[in-house]
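Just so we're aligned, residue 36 is where the sequence shown starts under my numbering, counting upward by one.
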Amino acid sequence: MQTLLAEAIGTMILVLLGDGVVANVLLERSKGQQSGWIVITVGWGVAVAVAVYAVGRISGAHLNPAVTIALATIGSFAWADVPGYIAAQMIGAILGATLVWLHYLPHWGLTRDTATKLGVFATGPAVRATGPNLISEMIGTAVLLFGILAIAANAQTLSKPGDVDLSFVFSRGLQPLLVGVLVLGIGLSLGGSTGYAINPARDLGPRIAHAILPIAGKGPSDWGYAWIPVVGPILGGIAGACLYSWIGF
36 MQTLLAEAIG
46 TMILVLLGDG
56 VVANVLLERS
66 KGQQSGWIVI
76 TVGWGVAVAV
86 AVYAVGRISG
96 AHLNPAVTIA
106 LATIGSFAWA
116 DVPGYIAAQM
126 IGAILGATLV
136 WLHYLPHWGL
146 TRDTATKLGV
156 FATGPAVRAT
166 GPNLISEMIG
176 TAVLLFGILA
186 IAANAQTLSK
196 PGDVDLSFVF
206 SRGLQPLLVG
216 VLVLGIGLSL
226 GGSTGYAINP
236 ARDLGPRIAH
246 AILPIAGKGP
256 SDWGYAWIPV
266 VGPILGGIAG
276 ACLYSWIGF
């Protein structure tokens with residue numbers, strides 16, 4: 036139960052800070068309005084790092100069903116624990132999105148564009164094209180899993196002359212920050228096509244929150260697109276993890 040609680044809290048922090056920066060940039064009369072894509076990508080990178088620092092030592096800080104399923108696929112996580120992790124991640128994502136709604140409560144009514152309001156909660160494509168959108172999410176999440184596994188492997192082996200083992204410092208002190216930098220890089224390089232969900236819980240949880248919360252003047256939750264940021268990251272995560280495993284680094 037402690038690990039599941041950690042996954043829920045970690046994902047809540049991730050979405051609170053991640054969707055929070057989107058709200059800050061998009062919503063009317065916010066002090067961060069129109070500050071741009073760089074602010075959003077940096078905010079999401081920091082959100083990931085803080086969430087991993089918060090719960091990594093307890094649950095491993097998957098915070099992402101694509102990560103959980105990919106690790107199980109290569110034998111690094113027990114399949115029996117997958118449903119509980121995913122449920123906790125979804126609950127945490129919905130709670131995080133709800134906190135964003137509460138935090139920016141006066142701004143929803145001031146923001147007239149319904150697509151902007153949905154964009155705070157869920158991703159959407161710059162150019163709507165099912166195949167390319169799916170491929171974009173797959174590529175981004177493959178890079179995420181490959182990078183996470185590489186960072187973790189370095190944490191397990193890093194040392195310096197004199198037999199002073201730095202792996203503990205690296206894994207507990209630097210690894211979450213490096214994962215945040217990885218997500219920042221994905222956002223800057225690959226995020227422009229679909230908004231780089233790269234995490235089914237990050238998109239589906241807030242999309243559910245958007246659908247059920249009494250958001251002033253909201254529009255539809257775009258359920259026709261919602262399967263892409265779920266299926267794409269899962270397939271891409273498995274591909275990235277399997278590639279890393281097959282290479283044998």
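The beta-carbon is built from N, C-alpha and C at its ideal position, and this holds for glycine as well. Because the structure is a prediction, the values reported are computed rather than measured.
Thinking residue i and residue j are a contact (beta carbons under 8 Å), I'd like their distance in whole angstroms, please.
i: A232; j: T151; result: That belief does not hold up - the Cβ atoms of A232 and T151 are roughly 17 Å apart, past 8 Å.
i: G45; j: L98; result: 5 Å
i: G127; j: M47; result: 4 Å
i: L184; j: Y88; result: Their Cβ separation, rounded to whole angstroms, is 19 Å, which puts L184 and Y88 out of contact at 8 Å.
i: V155; j: D238; result: Not really, about 12 Å apart at Cβ, beyond 8 Å.
i: P235; j: A101; result: 6 Å
i: G271; j: I174; result: 6 Å
i: P118; j: T176; result: With a Cβ gap of about 20 Å, P118 and T176 do not count as contacting.
i: G254; j: L153; result: 7 Å
i: V57; j: S70; result: Rounded, the Cβ-Cβ distance is 11 Å, inconsistent with contact.
Taking C-alpha atoms, which residue in the options lies nearest to residue i?
i: R207; options: L179, T38, I186; result: I186
i: A251; options: A86, T108, L137; result: L137
i: G91; options: A41, A58, V162; result: A41
i: G230; options: G254, L180, G119, R163; result: R163
i: L209; options: E63, N189, T165, L225; result: N189
i: L179; options: L61, L153, I121, C277; result: C277
i: K66; options: G222, E172, H142; result: H142
i: A261; options: L61, I221, G227, N168; result: N168
i: L39; options: W258, I104, S94; result: S94
i: G166; options: E63, I263, F181; result: I263
i: I129; options: A43, T149, E172; result: A43
With a floor of 3 residues, list each beta strand (DSSP E) that falls wholly inside the segment 57-128, ordered by position along the chain. none
My parser needs the alpha helix (DSSP H) runs of 4 or more residues fully inside the segment 132-194; what are they? 140-145, 149-156, 165-192
Touch test, the segment 213-224 against the segment 241-251, Cβ-Cβ under 8 Å, three pairs minimum: no
Counting only runs of 4+ residues fully inside the segment 201-277, write out the alpha helix (DSSP H) ranges in chain order. 210-225, 235-247
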